[in-house]
Each structure stands twice: as C-alpha cells, then as structure tokens.
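**Q**
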Amino acid sequence: MKLTTLLKWFLPMLLLASIGTKLIVYSEEQEKKHRLGFETYAAASEAVKSGDAKTAYVLYLQSIYELENPADKAVAAYEAANVGWAGGIADYYTLVGLYQQSLRYNPEFYEAAINLE
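Here the sequence shown stands for residues 12 to 128, numbered as in the working numbering.
1) Starting from residue 77, trace the alpha helix (DSSP H) in both directions and tell me its first and last residue.
2) With DSSP collapsed to three states, give me the class of residue 101.
3) Heavy atom of the ligand MN less than 7 Å from the Cβ of residue 83, yes or no?
4) Apart from the five residues on each side of it in sequence, which residues of its chain come closer than 7 Å, Cβ to Cβ, to residue 120?
5) Are at least three pairs of beta-carbons, each pair with one atom in the segment 76-83 and one in the segment 95-113, less than 8 Å apart?
6) Is there a C-beta anywhere in chain C that falls below 8 Å from the one on residue 73?
7) Could you check which residue in 63, 77 and 55 has the C-alpha nearest to that of residue 46?
8) Where does the unbroken alpha helix (DSSP H) through residue 126 begin, and where does it stop?
9) Could you tell me the distance, in whole angstroms, from the CA atom of residue 109 to the CA atom of residue 73?
Here it is, written out as structure tokens:
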C-alpha cells in the first residue's frame with residue numbers, strides 16, 4: 012500500500028522534472044544562439060577597426076542570419092552594405108538589396124532609407 016502511494020507521488024514529480032529539464036536545455040540552446048549572433052557582429056566590428064573589410068563584410072552578412080531581433084538584423088544588413096560600399100566589395104545591386112533588406116527588418120531605419128536614396 013505504501014509503495015503505490017509513493018509511486019503516485021513520485022511519478023508525477025519525475026515527469027515534471029524531466030519536462031523542466033528539457034525546458035532548461037532549450038533555453039540554454041536559445042541563449043547560445045542569441046550570443047552567437049552578437050559575437051559574430053562584434054567580430055565584424057573588430058574587423059572593420061583593423062581594416063579588414065572583406066572579413067567584416069562576410070561576418071556582417073552572417074550575423075544577419077544569426078541575430079533574432081529584427082532591429083538587430085536591420086543594423087547588421089546596414090553595416091554590411093556600408094562596408095561593402097566602402098571596401099569596394101559589393102556591386103550596386105547588392106548594396107541596394109542590403110539597404111532594402113535592412114528596411115524590411117526595420118521600416119523606420121532612417122539611415123538605411125537615406126543611403127538607399
């Protein structure tokens with residue numbers, strides 16, 4: 012009788028613990044992905060400071076896809092376009108596309124709209 016009472020109490024707790032563990036693992040994976048986007052963006056900014064435009068351009072493009080927040084994606088696309096233009100890496104149509112992409116992520120991004128015009 013005591014064993015069944017113990018199992019009635021223990022099994023639901025075990026189930027809740029296993030569900031909670033999966034939620035914690037999921038949130039850690041999300042946090043890791045979130046940090047990865049910002050790390051890539053920061054690496055691109057460092058590449059700009061060191062004068063390596065090609066690396067910065069590629070890293071900004073990569074950070075567009077790694078970042079989750081649309082406003083952050085808009086800034087990454089904008090920076091990729093600026094580095095592509097300043098470094099002579101991207102052609103005119105690619106730059107226009109990047110500024111348009113930036114405005115799709117954040118329609119109120121004034122600097123991207125100005126550069127697009």
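Using N, Cα and C, we set each Cβ at its ideal position, and we do this for glycine too.
**A** Judging by the given coordinates:
1) 64-77
2) coil
3) Within the structure as shown, the ligand MN is missing, as the structure has no ligands at all.
4) 85, 89, 113 and 114
5) no
6) The structure shown has no chain C; it contains just one protein chain.
7) 77
8) 121-127
9) 13 Å
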